[in-house]
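Asker:
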Amino acid sequence: MVRSMKLLLSWDPFLIALIAVVGAASLFPVSGVAAGWVGAAADLAITLLFFLHGAKLSRAAIVQGAGNWRLHAMVLGSTYILFPAAGLALVALVQGWGNPLLLSGLLYLTLLPSTVQSSIAFTAIARGNVAAAVCSASLSNLVGIFITPLLVGLLLQIEANGTISSWQSIRTIALQLLLPFLAGHFLRPLIGGLIDRNKAILQPVDRGSILLVVYSAFSAAVINGIWSRVSLGDLLELLALSAVLLALIMGFNWGVARLAKLPREDAIVLLFCGSKKSLVSGVPMAGALFAPSQVGLVVLPLMIFHQLQLFVCAALASHFRRQSEAVDDAEATLAISHGAQQIDATAAALGMTIPEACMPGVEANLALLERHAETLLRRDDAG
Amino acid sequence: MKSVIEIAHAVRHGQISAMQMVDQCLSGLAAGDRQLGAVTRVLAERARGEAAQVDALVAAGRDPGPLAGVPYGVKDLFDVAGLPTTAGSSLYADAPPASRDAEAIERLRAAGAILVATLNMDEFAYGFATINARHGTTRNPHALERLAGGSSGGSAAVVAAGLLPFALGSDTNGSVRVPASLTGVYGLKPTHGALPMRGVFPFAKSFDDVGPFARSTRDLRLICGVLQGIAMAEPRARSLRVARLGGRFCDNVDADFSAALATIAPGAPVVDLPEIARARSAAFLIAAYEGGHLHRDALARDAMAFDPATRDRLLAGALLPSGLNHAAQDFCNEFKQLVGKLIVDYDVLLAPSAPCVAPLIEDPLILIDGARRPARSDLGIHTQPISFAGLPSLAVPLRRPGRLPLGMQLIGRPGDEASLFGFAAMLEENGVIGWSPPPGVLQGNHQ
Chain A
0 MVRSMKLLLS WDPFLIALIA VVGAASLFPV SGVAAGWVGA AADLAITLLF FLHGAKLSRA
60 AIVQGAGNWR LHAMVLGSTY ILFPAAGLAL VALVQGWGNP LLLSGLLYLT LLPSTVQSSI
120 AFTAIARGNV AAAVCSASLS NLVGIFITPL LVGLLLQIEA NGTISSWQSI RTIALQLLLP
180 FLAGHFLRPL IGGLIDRNKA ILQPVDRGSI LLVVYSAFSA AVINGIWSRV SLGDLLELLA
240 LSAVLLALIM GFNWGVARLA KLPREDAIVL LFCGSKKSLV SGVPMAGALF APSQVGLVVL
300 PLMIFHQLQL FVCAALASHF RRQSEAVDDA EATLAISHGA QQIDATAAAL GMTIPEACMP
360 GVEANLALLE RHAETLLRRD DAG
Chain B
0 MKSVIEIAHA VRHGQISAMQ MVDQCLSGLA AGDRQLGAVT RVLAERARGE AAQVDALVAA
60 GRDPGPLAGV PYGVKDLFDV AGLPTTAGSS LYADAPPASR DAEAIERLRA AGAILVATLN
120 MDEFAYGFAT INARHGTTRN PHALERLAGG SSGGSAAVVA AGLLPFALGS DTNGSVRVPA
180 SLTGVYGLKP THGALPMRGV FPFAKSFDDV GPFARSTRDL RLICGVLQGI AMAEPRARSL
240 RVARLGGRFC DNVDADFSAA LATIAPGAPV VDLPEIARAR SAAFLIAAYE GGHLHRDALA
300 RDAMAFDPAT RDRLLAGALL PSGLNHAAQD FCNEFKQLVG KLIVDYDVLL APSAPCVAPL
360 IEDPLILIDG ARRPARSDLG IHTQPISFAG LPSLAVPLRR PGRLPLGMQL IGRPGDEASL
420 FGFAAMLEEN GVIGWSPPPG VLQGNHQ
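So the sequences go chain by chain: A and B.
Just so you know, the first sequence maps onto residues 0 to 382 in numbering that gives the first Met the number 0.
Just so you know, the second sequence maps onto residues 0 to 446 in numbering that gives the first Met the number 0.
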């Protein structure tokens, strides 16, 4: 019960704002001339957002953490190979059972870069390798600006006014995102300090832009009858598919981390950076990549997946932190564990399991070590 | 098999080619190791390649190095280019191959020595017995029903049996000195950190060192010079200040050793190192902690993949709290300072290498303070405190042909291995210490 309350409280205020905007667009959709103005403002917001993304991205962080190339390769592999492959498989599996545009949205979310802020925050909570997370997540975003539009062009077939019609349009779209991004990034030497110092002020600009894009997109979607095309069943199906996708990716990444014998701190980076998708990049990219009437439906799966990943990662990060604190507690003491029950508990705190066949031998060896500890600590003069 | 110095002399002067030497050695190893179980991998192709290079240098009139054409083996925890470094464990049998040789091997190769085999050990060097689940138990050449000691048992056994003129091992708590004592050869544990450790699979980094085995002081001194990169000086004729270690070093000792010590240094003063029991316990705890923590991730993944003989010890070590390790490390620093002050007036300190002769494989227990204790964990009772103090220690075999070997440690001040070699050369000259050929089936290998 307490945990459920905590989960409820862990709802991101930004997500609540997003839902409110979706509600507002459903009740008061903008139309006519006003829609043109809102659309133009949304385009401007996208430009501003990517300009800010570019200005915020620190190349130094990427260069500094680049030594751990094996880990970064795994994160990029998960984001841009594993995720799209899982998305394609999942969509192929349920093809014909749901709204095609929603399924396209599901596939679209698998092509997006990883989140930056929350990946780093969760890695820090879980006591993972924060420096590597900063590098991996930044790298994922930098690569995403090029790769995501390409993957969208390659893998998504959107008919009816779809903007993904030719390589020419892809290039134009990439440039619409890329140009402001590069402009911001190359101006970083001049404005980077200002941006880093005023993150708190810039956050509303960042988030306001997304809310504007969502309002514009959902207004168009509502006018095109989104709520008559999307049922509660569709939403539940999306939630279930998102859960399957997240479980698949996280399970696979955890398995890879163990096979590759990654240290615990790096395994956490792979789990969090390699299993997340960026709402902040995904919504404006969709605004630029898809027709206005489609954006609302396309980003809906992303919004659902985003909240799910926040819930799951928050729970996992807390679990890893508790585990890490238990290791600290277990190690800070001078006491050696006694008896199978205590030995099992100490081992569990360290992420180990003592096989039943080993328990007598482990008990005997710990007893021997305890005799030596007593001699060392002068509780016994023999030995 | 001839000595290191004799082989190098013969090869350098064209009396025998390095290739002939390697071929002789390989056939001797194949025949002799059937009884011993000391060899884990024979590196025939590599050895012939190295021999061809040495022969080419000799033919060209160039210097092939001080160890020209001398075959040798290494404990299974040294990196050998192109082979997985297994540390005696099946867990690493399919590990990616090492990209280059360990530094010790590179130095020996540059001096003309030829690597012919890797040698058996306790898994991860954790034990004094060389009982290995993957490669079997290495037998003592002097009595095949007895242990060769460990963890560098394979290295000691091939040298004792005359199958190789020298071999490399590693010593964390006594893993060179204990098997040297049980098989009757010379073995050096250098001053901590004095010999190159790059490319050596660790056990407990606080105490890990590499060390060579050989059958004479002169051979061992030559090899040590190559390994440390500076030839060791010839022992000077000077009077060395010798003392015997008392206290715990006089308990749990073979009666023959006590008698021999009375002959070797009859009037020598006795130095009592304080806190020996605490030192041994602290060394035991640090080794358990560092060994267990080194393998903790692998143990968490699949503990049952470890050798049953080391698995439970490593698991227990992995569960040790770091607070105990810190306490042991703090005491280690105090102990080093204390011992440094006590031994400042002496060049050589004498102590037993092992508490007894080689135990039976069928009954691998030894008497410690009247209680039967596992040989695997307790044979290092006299070597562990010396490693703990970081002192150099040269294990030498008491000369007793026809009887089971017994070893003695010549312990010195940090960095003063030269005094130990000088004293050993004198004892050797007096016939008090020296290698004795094992009797029986392996005798045919000695020339």
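Glycine included, each C-beta is placed from N, C-alpha and C at the ideal position.
Assign N444 of chain B to one of three DSSP states: helix, strand, or coil.
Answerer: Start at 1 with the first residue of the second sequence, and residue 444 of chain B comes out as number 445. Residue placement at N444 of chain B is poorly supported in this model, since its pLDDT is 44, which falls under 50; the coordinates are not used for a value here.
Asker: Check the DSSP bridge columns for S169 of chain B and list the partner residues they point to.
Answerer: Translated into positions along the second sequence, residue 169 of chain B becomes position 170. The bridge partners DSSP lists for S169 of chain B are B:V209.
Asker: Just grab the DSSP bridge partners of I113 of chain B for me.
Answerer: Position 114 of the second sequence, counted from the first residue, corresponds to residue 113 of chain B. In the DSSP output, where bridge partners are listed per residue, I113 of chain B has B:P70.
Asker: Leaving out five residues before and five after L245 of chain A in sequence, what residues of the same chain have Cβ atoms less than 8 Å from its Cβ?
Answerer: To locate residue 245 of chain A, count along the first sequence from 1; it is residue 246. Result list for L245 of chain A: S274, F304, L307, Q308, V311, in chain order.
Asker: Between which two residues does the beta strand (DSSP E) holding Y185 of chain B run?
Answerer: As a position in the second sequence, residue 185 of chain B is number 186, starting the count at 1. Where Y185 of chain B is concerned, the enclosing beta strand (DSSP E) stretches over 185-188.
Asker: Closer than 9 Å between beta carbons: that is the criterion. Which residues of the stretch 112-131 of chain B meet it against chain A?
Answerer: none
Asker: In chain B, which residues lie less than 9 Å from G360 of chain A when you measure between Cβ atoms?
Answerer: Here residue 360 of chain A refers to the residue found at position 361 of the first sequence. Chain B residues near G360 of chain A: P307, R310, D311, R312, L314, A315.
Asker: Let me check understanding here. Comparing Cα to Cα, which of A:L278, A:S277, A:K276, A:W253 lies closest to A266 of chain A?
Answerer: One-based indexing of the first sequence puts residue 266 of chain A at position 267. Out of A:L278, A:S277, A:K276, A:W253, A:W253 has the C-alpha closest to the C-alpha of A266 of chain A.
Asker: Determine whether the Cβ of A299 of chain B lies closer than 8 Å to any Cβ atom of chain A.
Answerer: Here residue 299 of chain B refers to the residue found at position 300 of the second sequence. Closer than 8 Å to some Cβ of chain A, the Cβ of A299 of chain B qualifies, so yes.
Asker: Is S215 of chain A closer than 8 Å to L111 of chain A when the C-beta atoms are compared?
Answerer: Counted from its first residue, the first sequence places residue 111 of chain A at position 112. Counted from its first residue, the first sequence places residue 215 of chain A at position 216. Here L111 of chain A is not near S215 of chain A, since their CB atoms are 8 Å or more apart.
Asker: How is N389 of chain A classed by DSSP in three states: helix, strand or coil?
Answerer: Here chain A covers residues 0 to 382 and nothing more, so residue 389 of chain A does not appear.
Asker: What's the gap between the Cα of R384 of chain A and the Cα of V93 of chain A?
Answerer: Beyond the ends of chain A as shown, which are 0 and 382, falls residue 384 of chain A; an answer cannot be given.
Asker: Give the DSSP bridge partners of P351 of chain B, in chain order.
Answerer: To locate residue 351 of chain B, count along the second sequence from 1; it is residue 352. DSSP output for P351 of chain B lists B:M407 as bridge partner(s).
Asker: Quick check on the DSSP output: the alpha helix (DSSP H) that includes E389 of chain A runs from which residue to which?
Answerer: Since the first residue of chain A shown is 0 and the last is 382, residue 389 of chain A is not available in this structure.
Asker: Taking only beta-carbon positions, decide if R257 of chain A is within less than 8 Å of chain B.
Answerer: On the first sequence, residue 257 of chain A is found 258 positions in, with the first residue counted as 1. True, the Cβ-Cβ gap to chain B drops below 8 Å.
Asker: Report the rounded CA-to-CA distance for L426 of chain B versus S435 of chain B, giving the unit in angstroms.
Answerer: In the second sequence, the residue the question calls residue 426 of chain B occupies position 427. In the second sequence, the residue the question calls residue 435 of chain B occupies position 436. Looking at the two C-alpha atoms, the distance is approximately 15 Å.
Asker: May I have the straight-line CA-CA distance separating I6 of chain B from V241 of chain B, to the nearest angstrom?
Answerer: For the purposes of this step, residue 6 of chain B is taken as the residue at position 7 of the second sequence. For the purposes of this step, residue 241 of chain B is taken as the residue at position 242 of the second sequence. It is roughly 34 Å from the alpha-carbon of I6 of chain B to the alpha-carbon of V241 of chain B.
Asker: Got a sec, what are the start and stop residues for the beta strand (DSSP E) I365 of chain B sits in?
Answerer: Within the second sequence, numbered from 1, the residue matching residue 365 of chain B stands at position 366. 364-367 is the extent of the beta strand (DSSP E) around I365 of chain B.
Asker: With distance defined between alpha-carbon atoms, name the residue in B:V356, B:A350, B:R99, B:L313 nearest to G360 of chain A.
Answerer: Here residue 360 of chain A refers to the residue found at position 361 of the first sequence. The closest CA to that of G360 of chain A, considering only B:V356, B:A350, B:R99, B:L313, is found on B:L313.
Asker: Give me the Cα-Cα distance between M231 of chain B and E122 of chain B, rounded to the nearest whole angstrom.
Answerer: Locating residue 231 of chain B in the second sequence gives position 232, counting from the first residue. Locating residue 122 of chain B in the second sequence gives position 123, counting from the first residue. Taking the Cα positions, M231 of chain B is about 33 Å away from E122 of chain B.
Asker: Does the stretch 244-264 of chain B come into contact with the stretch 359-376 of chain B, if we say contact requires no fewer than three beta-carbon pairs (one atom in each stretch) closer than 8 Å?
Answerer: yes
Asker: Based on Cα-Cα distance, which residue from B:V21, B:P354, B:T190, B:T216 lies nearest to F387 of chain B?
Answerer: To locate residue 387 of chain B, count along the second sequence from 1; it is residue 388. Selected option, being the one with the closest Cα: B:T190.
Asker: Scan the stretch 248-273 of chain A for residues whose Cβ lies nearer than 7 Å to a Cβ of chain B and list them as they occur along the chain.
Answerer: Taken in chain order, the members of the stretch 248-273 of chain A whose beta-carbon sits within less than 7 Å of a beta-carbon on chain B are R257, K260.
Asker: At 7 Å on the CB atoms, spell out the chain A contacts of D296 of chain B, in chain order.
Answerer: Along the second sequence, read from residue 1 onward, the residue named residue 296 of chain B stands at position 297. Result: K260.
Asker: So what does DSSP say about I275 of chain B, is it helix, strand or coil?
Answerer: Mapped onto the second sequence, residue 275 of chain B falls at position 276. Looking at I275 of chain B - three-state DSSP - the assignment turns out to be helix.
Asker: At a Cβ threshold of 8 Å, is P354 of chain A touching chain B?
Answerer: Taking the first sequence and counting its residues from 1, the one referred to as residue 354 of chain A is at position 355. True, the Cβ-Cβ gap to chain B drops below 8 Å.
Asker: Can you name the start and end residues of the beta strand (DSSP E) that R145 of chain B belongs to?
Answerer: Here residue 145 of chain B refers to the residue found at position 146 when the second sequence is read from its first residue. Start and end: 142-146.
Asker: For V10 of chain B and A17 of chain B, I'd like the C-alpha separation in whole angstroms.
Answerer: Numbered from its first residue, the second sequence carries residue 10 of chain B at position 11. Numbered from its first residue, the second sequence carries residue 17 of chain B at position 18. Near 6 Å, if we compare the C-alpha coordinates of A17 of chain B and V10 of chain B.
Asker: Answer yes or no: do L333 of chain A and P320 of chain B have a C-beta to C-beta separation smaller than 8 Å?
Answerer: As a position in the first sequence, residue 333 of chain A is number 334, starting the count at 1. As a position in the second sequence, residue 320 of chain B is number 321, starting the count at 1. Cβ distance < 8 Å, so L333 of chain A and P320 of chain B count as in contact.
Asker: Under the three-state reduction of DSSP, which class applies to R372 of chain B: helix, strand or coil?
Answerer: Here residue 372 of chain B is taken as the residue at index 373 of the second sequence, counted from 1. Here R372 of chain B sits in strand by DSSP.
Asker: Round the Cβ separation of E416 of chain B and P396 of chain B to the nearest angstrom and send it over; I've been treating them as touching at under 8 Å.
Answerer: Taking the first residue of the second sequence as position 1, residue 416 of chain B is located at position 417. Taking the first residue of the second sequence as position 1, residue 396 of chain B is located at position 397. The Cβ separation is near 18 Å, so there is no contact.
Asker: How is N251 of chain B classed by DSSP in three states: helix, strand or coil?
Answerer: Here the question's residue 251 of chain B lines up with position 252 in the second sequence. N251 of chain B falls in the coil class under three-state DSSP.
Asker: Please list the terminal residues of the continuous beta strand (DSSP E) segment that includes F392 of chain B.
Answerer: On the second sequence, position 393 is the one that residue 392 of chain B refers to. Residue 392 of chain B is actually Ser in this sequence, not Phe. Start and end: 392-396.
Asker: Just grab the DSSP bridge partners of T136 of chain B for me.
Answerer: Taking the first residue of the second sequence as position 1, residue 136 of chain B is located at position 137. Looking at the DSSP assignment, T136 of chain B forms a beta bridge with B:I130.
Asker: Check for me: the alpha helix (DSSP H) holding R196 of chain A runs from which residue to which?
Answerer: If you number the first sequence from 1, residue 196 of chain A lands on position 197. Segment 187-196, the alpha helix (DSSP H) holding R196 of chain A.
Asker: Within 10 angstroms of the Cβ of S164 of chain A, are there 16 or more other Cβ atoms? Answer buried if so, exposed if not.
Answerer: In the first sequence, counting from the first residue as 1, residue 164 of chain A sits at position 165. For S164 of chain A, the predicted structure reports a pLDDT of 45, less than 50, and the residue's modelled location is therefore unreliable. A value from the coordinates is still provided. Answer is exposed; the Cβ neighbour count stays below 16.
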